[in-house]
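Single-structure report; data block below.
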Amino acid sequence: MAVSLLARLAAAAPAPVFAVAGIDGLRAVERLALDPRVELVASPRHAAILLVAGEIRPEDRADLYRLHDQMPHPRATVWWASEPLFAGIPVGPHGFPAGDLADLHRALAARAMDSDPDILPDEPPNPWRGKGDYGQGGEGMMGGTPYGRPMAMTADDLRDGLALDAYSATFGPFLPAFPPGLVLDLTLQGDVIQSAEVLRPPYLQHELRGPAAYLRRAARLVRLLGLPAVAERLRRRPEGCGALARTGVFAAIPAGLGRLGGYDVRDRLRAWCEERTPPPLPEEARLAPLLPGLEWHAAVLVINSFTDAELRSLCGAREVAA
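When the letters of the sequence shown are read in order and numbered with mature numbering (1 follows the signal peptide of the UniProt record, and there is no 0), they come out as residues -19 to -1, 1 to 303.
Here it is as structure tokens:
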């Protein structure tokens, strides 16, 4: 009885979806976020449905497989305007799958359909068992991959020279805080970035022009400031820069952060709210030099303060004319 009641309650809730945006998929995902039947969650571990919108690069497919296998059971995959790479439900490019996602969620909650099986074998990404002095994968006091995770090593801090643990890892291509497809190799001490390297540029997104495009970019940045309700109001009822200023958004962004071409993050957000285009970036500008010394949240704001085309240029991507 209790299990049946919980299943009914779960089925009545918005469908928890982790969205992966591929080539030209971001705009569709952002439209979907406005539908009350769907909740876009920040982690695959909170999702029942994996939604893949747009084509995925071959070099990102292994990351997609690992992401899929992190989802709890029962789970399902929907391919929206995307060539299926494994079992799932295809939806055409002109369909709007919010209702389909809600129906799928109810079917999963009622156990009316099978859950997706794992794609990858159940083994750690870094073999560690039996390695090291105690079989834990470490290399004495320093180094190695104890219990499968690379060990942090000490290095001088950029700010005060203290020798603190520095941890290097790859971030992306489906990190919700990053533009889809962007992959960075970062070394951090605490939440301060010590070094950055672009491994893969973000996916190509053919952006529409006009007020809706400006407000969509502004809402994305405001959401990353921890103001999702303000971001949603900006998308649904555009009120201009004055109303946004009263929320304290501009004061929350440090002056001078991510300055390029005479504009910083605050200036670029203000320009979008006023439906203006910031001046073009210097041709030689690159993303990686902007990030060292920034705390994580500041770096995320810098990365998302550029249009998709600007960010691809900053990552060194070259566009080919059709």
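Glycine residues also receive a C-beta, built at the ideal position from the N, C-alpha and C atoms.
- Sorting Cys296, Ala9, Ile30 and Val283 by C-alpha distance to the C-alpha of alanine 158 places Val283 at the top.
- For arginine 92, there is no enclosing beta strand (DSSP E), as DSSP marks it with neither H nor E.
- Around the CB of aspartate 103, fewer than 16 other CB atoms lie within 10 Å, so the residue is classed as exposed.
- Residue burial is scored here from C-beta neighbours: histidine 75 has fewer than 16 other C-beta atoms within 10 angstroms and is therefore classed as exposed.
- Three or more beta-carbon pairs separated by less than 8 Å link the segment 23 to 32 to the segment 53 to 69, which places the two stretches in contact.
- Cβ-Cβ distances below 6 Å link alanine 280 to Ile174 and Leu272 in the same chain, with the five nearest sequence neighbours on each side left out; the list follows chain order.
- In this structure, the beta-carbon distance from arginine 247 to isoleucine 234 falls below 8 Å.
- Counting only residues of its own chain and dropping the five nearest sequence neighbours on each side, glycine 242 has a CB closer than 8 Å to the CB of Pro259, Pro260, Pro261, Leu262, Pro263 and Ala266.
- Alanine 23 has its alpha-carbon roughly 10 Å from the corresponding atom of proline -4.
- DSSP links isoleucine 70 through a beta bridge to Val59.
- Secondary structure at isoleucine 284: helix, using DSSP grouped into helix, strand and coil.
- Here the alpha carbons of threonine 288 and phenylalanine 231 stand approximately 19 Å from one another.
- Inter-residue distance for leucine 180 and leucine 169 is about 16 Å (C-alpha atoms, whole angstroms).
- In this chain, the alpha helix (DSSP H) harbouring proline 192 covers 192 to 205.
- Here the alpha carbons of tyrosine 46 and alanine 210 stand approximately 32 Å from one another.
- Assigned with DSSP and collapsed to three states, glutamate 265 falls in coil, not helix or strand.
- Glutamine 186 counts as buried, since at least 16 other C-beta atoms from the protein chains shown sit within 10 angstroms of its C-beta.
- Residue pairing for glutamine 170: DSSP places it in a beta bridge opposite Val173.
- With contacts defined as CB atoms closer than 8 Å, proline 25 and phenylalanine -2 qualify as a contacting pair.
- In the DSSP assignment, aspartate 137 falls within the unbroken beta strand (DSSP E) covering 134 to 137.
- In the displayed model, proline 25 falls within a helix according to three-state DSSP.
- Residue state for glutamate 64 is assigned as coil, using DSSP reduced to three classes.
- Glutamate 11 has its alpha-carbon roughly 13 Å from the corresponding atom of proline 78.
- The distance from the Cβ of glycine 35 to that of glycine 73 is about 13 Å, inconsistent with a contact at the 8 Å cut-off.
- Under DSSP, glutamate 276 takes part in a beta bridge, and its partners are Val173.
- For arginine 42, same chain residues with a beta-carbon under 7 Å away, outside a window of 5 residues either side, are Leu66 in chain order.
- In the DSSP annotation of this structure, the continuous segment of the beta strand (DSSP E) that includes serine 149 starts and ends at 144 to 152.
- In terms of Cβ geometry, cysteine 254 and proline 183 do not form a close pair [threshold 8 Å].
- Taking C-beta atoms as the reference points, proline 17 and proline 39 fail to come closer than 8 Å.
- Between tryptophan 61 and alanine 136 a beta carbon distance of about 43 Å is seen, past the 8 Å cut, so the two are scored as non-contacting.
- Across the set Pro161, Ala212, Ala83 and Gly80, the C-alpha of Pro161 shows the shortest separation from the C-alpha of aspartate 44.
- Looking only at Gly171, Pro154 and Ala194, the smallest Cα-Cα distance to leucine 165 is reached by Pro154.
- Put simply, the backbone Cα of arginine 216 is about 50 Å away from that of arginine 110.
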